[in-house]
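Have a look at the structure below, then the notes.
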Amino acid sequence: MNRLIRQISAASSRARVARASTAAASKREPALRSTQWSQYPPHQNHLGSFAAGAAIAVATVPWWFYCGISPAWAEAPTEDKPRKIRLSEVRKHGRRSEKRWVVRGNKVYDITEWIPNHPGGEVILRAVGGVIDTYWEIFSIHKKQEVYDILEQYYIGDVDPRDLVDGRVPQDGIEDPFEDDPLRHSTLKVHTERPCNAESPVEVLDKFITPSEQFYVRNHLWAPKLDPESYRLTIELPDGEEVAYSLEELKKFPQVDVTATLQCSGNRRKHMTEGSRYANGLQWGIGAISNASFRGVRLRDILAHAGFDGTAEDNAEIKHVQFQGAEAYGASIPLEKALSQYGDVLLVHEMNGQPLPQDHGFPLRVLVPGHVAARSVKWLKRISLAEEESQSQWQQRDYKCFGPNQSGSDVDWAAAPAIQETPVQSAITSVKDLPKGERLLQVYGLEEDSIEVKGYAFAGGGRRIVRVDVSPDDGRSWTQAELLEDEAAGRKRWAWTQWKLVVPRRLAGANFVVKAVDEGYNTQPGGHEPYYNFRGNLTGAWHRVPYKNRDPY
Numbered sequence: 001m002n003r004l005i006r007q008i009s010a011a012s013s014r015a016r017v018a019r020a021s022t023a024a025a026s027k028r029e030p031a032l033r034s035t036q037w038s039q040y041p042p043h044q045n046h047l048g049s050f051a052a053g054a055a056i057a058v059a060t061v062p063w064w065f066y067c068g069i070s071p072a073w074a075e076a077p078t079e080d081k082p083r084k085i086r087l088s089e090v091r092k093h094g095r096r097s098e099k100r101w102v103v104r105g106n107k108v109y110d111i112t113e114w115i116p117n118h119p120g121g122e123v124i125l126r127a128v129g130g131v132i133d134t135y136w137e138i139f140s141i142h143k144k145q146e147v148y149d150i151l152e153q154y155y156i157g158d159v160d161p162r163d164l165v166d167g168r169v170p171q172d173g174i175e176d177p178f179e180d181d182p183l184r185h186s187t188l189k190v191h192t193e194r195p196c197n198a199e200s201p202v203e204v205l206d207k208f209i210t211p212s213e214q215f216y217v218r219n220h221l222w223a224p225k226l227d228p229e230s231y232r233l234t235i236e237l238p239d240g241e242e243v244a245y246s247l248e249e250l251k252k253f254p255q256v257d258v259t260a261t262l263q264c265s266g267n268r269r270k271h272m273t274e275g276s277r278y279a280n281g282l283q284w285g286i287g288a289i290s291n292a293s294f295r296g297v298r299l300r301d302i303l304a305h306a307g308f309d310g311t312a313e314d315n316a317e318i319k320h321v322q323f324q325g326a327e328a329y330g331a332s333i334p335l336e337k338a339l340s341q342y343g344d345v346l347l348v349h350e351m352n353g354q355p356l357p358q359d360h361g362f363p364l365r366v367l368v369p370g371h372v373a374a375r376s377v378k379w380l381k382r383i384s385l386a387e388e389e390s391q392s393q394w395q396q397r398d399y400k401c402f403g404p405n406q407s408g409s410d411v412d413w414a415a416a417p418a419i420q421e422t423p424v425q426s427a428i429t430s431v432k433d434l435p436k437g438e439r440l441l442q443v444y445g446l447e448e449d450s451i452e453v454k455g456y457a458f459a460g461g462g463r464r465i466v467r468v469d470v471s472p473d474d475g476r477s478w479t480q481a482e483l484l485e486d487e488a489a490g491r492k493r494w495a496w497t498q499w500k501l502v503v504p505r506r507l508a509g510a511n512f513v514v515k516a517v518d519e520g521y522n523t524q525p526g527g528h529e530p531y532y533n534f535r536g537n538l539t540g541a542w543h544r545v546p547y548k549n550r551d552p553y
């Protein structure tokens, strides 16, 4: 017994010395962070606890303690000597852990604080507790320096060399969620393949109806391949009751045709980057916009059939309609838009007279005309009536705008409204020489070399385009373009307007410029700088195309 007491006393004495030594070291080494120590098991950094009791002390004090030896994994990390972390510990920090870790290369990162900011939402939870490299090979949109720089902020240590195979972390195979993605048209201007993000080719942008296979593609994740026979749409009512509809049941409701333009909030982001400074996100040109004829059932009819009465006093607190896609994407719109007899919000199953293509939401998507396309959720599986907006990443921390002086690190995302209706927009899609004698020139009474300029104009909220102003000389002089007639269907003007102008070549300066005006007399700003936002959303400054270099993108 006396021997045991002496051992405990010695252990306690050593613990006091260790604590004193640690305190002194912390004063000398302020860079040694307590947060790093707190991640070690208690027996590695709280030696004083070994004196809690005789039996506990004997049972828990490791052999190396008495020998005065510290194993490699018990060593404190320093700036010169990063912490070594076993893969077994990384696996403990998966989706069920409060702290979520990932491995990239041979480094370990604690991305817990970053997950709420991830543009892809909680899909990143597939990778936590393991190696992220495999997923980034699939989600290739991440393979760029700005993403690597963000990740580096969350570095906490290196993988222990004992877990490396030939100097690398072993990687397990994973199921490829993009395996069932469809083949895409070769003319699409691809920005990323996984997920697919591609612009309509410029040669179809001056056509009123965009062919379905050349309609721009904006996928946040993969394109689910759903079985139309087993497909069900679930409506969740405010009291929690759920009503499900098959695709065939939905087709029995009165069908409505609407011609609508869908536009990504980042359309022309490239121009904001070029005209001001770099704006985060895909560097879209003028082709993240397309127009099609859609057929489906009115959302308001389905909600009423499911039992929702928007005028009932019990539903007075319901302000939003939330949509959930099969691949995890989510968004919402105001209830007022969903229930309006003039809002034309549809549950769509056809596009340009054919079943929806897989990339565009087969078998069912929402169409919210006049609003940013991010609200027209594809592969729709669930609709909820709620007091609050969708809490998805894409509704709360993505499609919003901020001031030109603000950055992603200093903004209050919750204070900024989610983008719904879009402002007026226009673009030049082609600049073509017409030599003297060309038959078309006779229509305009021109007998000299001329230039034909074409393009599109569009305003959100169902507002008509009433004028398109074109300058052949970089804004010094202006003339009005011809607005082309079309047969757009819908309660309001949901479709873009095609326009063209023929001018004598002698009037051409360095740049052709276009700006549009809608029926509310809203127009476009002359430059990007005052309207810059770090997300590059809602770019709408005058579009300029050099006469000599006519690439409108």
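Residue numbering for the sequence shown follows UniProt numbering, starting at 1 and increasing by one per position. Ideal Cβ placement from N, Cα and C applies to all residues, glycine included.
* To do: Kindly say whether glutamate 389, judged by its beta-carbon, lies nearer than 9 Å to any beta-carbon of chain D.
  => Of the protein chains in the structure, only one exists, and it is not chain D.
* Asked: For tryptophan 494, which residues does DSSP report across the bridge?
  -> By 1-based counting over the sequence shown, the position of residue 494 is 494. As far as DSSP is concerned, tryptophan 494 takes part in no beta bridge.
* Close Cβ partners of glycine 275 (< 8 Å) along its chain, the five nearest in sequence each way excluded -> The residue given as residue 275 occupies position 275 in the sequence shown. Excluding the 5 residues flanking it on each side, glycine 275 has same chain C-beta neighbours closer than 8 Å at Gly527, His528, Glu529, Ala541, in chain order.
* **Assigned secondary structure, tyrosine 329 (DSSP; H/G/I helix, E/B strand, else coil)** => Start at 1 with the first residue of the sequence shown, and residue 329 comes out as number 329. Correct three-state label for tyrosine 329: coil.
* Where tyrosine 109 sits in the DSSP three-state scheme -> For the purposes of this step, residue 109 is identified with residue 109 of the sequence shown, where counting begins at 1. DSSP places tyrosine 109 in strand when its eight states are reduced to three.
* Asked: Is the beta carbon of proline 177 sitting closer than 9 Å to the one on lysine 189?
  -> For the purposes of this step, residue 177 is taken as the residue at position 177 of the sequence shown. For the purposes of this step, residue 189 is taken as the residue at position 189 of the sequence shown. The Cβ atoms of proline 177 and lysine 189 lie no closer than 9 Å to each other.
* asparagine 219 in three-state terms, based on DSSP -> The residue labelled residue 219 in the question sits at position 219 within the sequence shown. Here asparagine 219 sits in coil by DSSP.
* Could you give the DSSP three-state label for residue 568: helix, strand or coil? => Examination of residue 568 is not possible in this model, given that the chain is present from 1 through 553 alone.
* **According to DSSP, residues forming a beta bridge with histidine 305** => Taking the first residue of the sequence shown as 1, we reach residue 305 at position 305. Per DSSP, none; premise fails for histidine 305.
* Using 10 angstroms around the beta-carbon of valine 443, count the other beta-carbons present and answer buried if the total reaches 16, otherwise exposed. => Within the sequence shown, numbered from 1, the residue matching residue 443 stands at position 443. Exposed, since its Cβ has fewer than 16 Cβ neighbours within 10 Å.
* To do: For tyrosine 66, count neighbouring Cβ atoms within 10 angstroms of its own Cβ and tell me buried if that reaches 16, exposed if not.
  => On the sequence shown, position 66 is the one that residue 66 refers to. Summary for tyrosine 66: the model assigns pLDDT 39, below 50, so the residue's position carries little reliability; its value from the coordinates is reported in the next sentence. By the 10 Å Cβ count, tyrosine 66 comes out exposed.
* Which residue from Val103, Tyr547, Pro82 puts its Cα closest to that of glutamate 89? -> If you number the sequence shown from 1, residue 89 lands on position 89. The residue among Val103, Tyr547, Pro82 with its C-alpha nearest the C-alpha of glutamate 89 is Val103.
* Thinking C-alpha only, which one of Ala326, Arg300, Tyr456 is nearest glutamine 341? -> Counting from one through the sequence shown, the residue named residue 341 turns up at place 341. Shortest Cα-Cα distance from glutamine 341 to any of Ala326, Arg300, Tyr456 involves Arg300.
* Asked: DSSP on valine 58, reduced to helix/strand/coil?
  -> Locating residue 58 in the sequence shown gives position 58, counting from the first residue. In this predicted model, valine 58 has a pLDDT of only 37, less than 50, meaning its place in the structure is not dependable; the value taken from the coordinates is given anyway. Three-state DSSP puts valine 58 in a helix.
* What did DSSP end up calling valine 545 once you bin it into helix, strand or coil? -> The sequence position of residue 545 within the sequence shown is 545, counting from 1. Valine 545: strand per DSSP, three-state reduction.
* **Continuous alpha helix (DSSP H) assignments of at least 4 residues falling wholly in the region 344-396** => For the region 344-396, the full-length alpha helix (DSSP H) segments reaching 4 residues or more read 393-396 along the chain.
* To the nearest angstrom, report how far apart glutamate 175 and alanine 328 are at their CA atoms. => By 1-based counting over the sequence shown, the position of residue 175 is 175. By 1-based counting over the sequence shown, the position of residue 328 is 328. Computed Cα separation, rounded: 17 Å.
* Do glycine 130 and aspartate 172 come within 9 Å of each other at the CB atom, strictly closer than that value? -> For the purposes of this step, residue 172 is taken as the residue at position 172 of the sequence shown. For the purposes of this step, residue 130 is taken as the residue at position 130 of the sequence shown. The Cβ atoms of aspartate 172 and glycine 130 lie closer than 9 Å to each other.
* Entirely enclosed alpha helix (DSSP H) segments - the region 428-488, minimum 4 residues -> Runs found: 439-443.
* Cα-Cα separation between aspartate 110 and isoleucine 138, rounded to whole angstroms -> Position 110 of the sequence shown holds residue 110. Position 138 of the sequence shown holds residue 138. Roughly 21 Å between the two C-alpha positions.
* Asked: In its own chain, which residues sit with a C-beta less than 6 Å from the C-beta of valine 345, not counting the 5 before and 5 after it?
  -> The residue you call residue 345 lines up with position 345 of the sequence shown. Leu299, Ala338, Val368.
* Asked: Going by other Cβ atoms of all chains shown within 10 Å of its Cβ, with 16 needed for buried, is glycine 461 buried or exposed?
  -> In the sequence shown, the residue the question calls residue 461 occupies position 461. Looking at its Cβ environment, which holds 16 or more other Cβ atoms inside 10 Å, glycine 461 is buried.
* Going along the chain, which unbroken runs of the beta strand (DSSP E) with 3 or more residues stay wholly within the region 256-307? -> The DSSP assignment places complete beta strand (DSSP E) segments of no fewer than 3 residues inside the region 256-307 at 289-298, in order along the chain.
* To do: Would you kindly check if the distance between the Cβ of glycine 455 and the Cβ of glutamine 498 is under 9 Å?
  => Within the sequence shown, residue 498 is the residue found at index 498, counting from 1. Within the sequence shown, residue 455 is the residue found at index 455, counting from 1. In terms of Cβ geometry, glutamine 498 and glycine 455 form a close pair [threshold 9 Å].
* To do: With a 10 Å radius around its C-beta and 16 neighbouring C-beta atoms as the bar for buried, classify arginine 33 as buried or exposed.
  => Along the sequence shown, one-based indexing puts residue 33 at 33. Residue confidence is low: arginine 33 scores 35 on pLDDT, short of 50, so the model does not pin down where it sits. Its coordinate-derived value is still stated next. With a 10 Å radius around the Cβ and a threshold of 16 neighbouring Cβ atoms, arginine 33 comes out exposed.
* Asked: arginine 467 and valine 517 look like a contact to me (Cβ under 8 Å); what is the Cβ gap, rounded to whole Å?
  -> Within the sequence shown, numbered from 1, the residue matching residue 467 stands at position 467. Within the sequence shown, numbered from 1, the residue matching residue 517 stands at position 517. The pair is a contact, with the Cβ atoms about 4 Å apart (cut-off 8 Å).
* Candidates Leu441, Leu335, Arg83, of which the one nearest leucine 155 by Cα -> Start at 1 with the first residue of the sequence shown, and residue 155 comes out as number 155. Reading the sequence as shown, one finds tyrosine at residue 155 and not leucine. Nearest neighbour of tyrosine 155 by Cα position, chosen from Leu441, Leu335, Arg83, turns out to be Arg83.
* Asked: Using 8 Å as the Cβ pair cut-off and three pairs as the minimum, do the region 414-425 and the region 371-381 touch?
  -> Yes, the region 414-425 is in contact with the region 371-381.
* State the CB to CB distance for the pair isoleucine 286 and tyrosine 216, rounded to an integer number of angstroms; the pair is presumed to be in contact (CB under 8 Å). => Along the sequence shown, one-based indexing puts residue 286 at 286. Along the sequence shown, one-based indexing puts residue 216 at 216. Not quite, the Cβ-Cβ distance comes to about 10 Å (not below 8 Å), so this is no contact.
* Can you grab the Cα-Cα spacing for the pair glutamine 255 / valine 348, in whole Å? => Within the sequence shown, numbered from 1, the residue matching residue 255 stands at position 255. Within the sequence shown, numbered from 1, the residue matching residue 348 stands at position 348. Cα-Cα distance, rounded: 9 Å.
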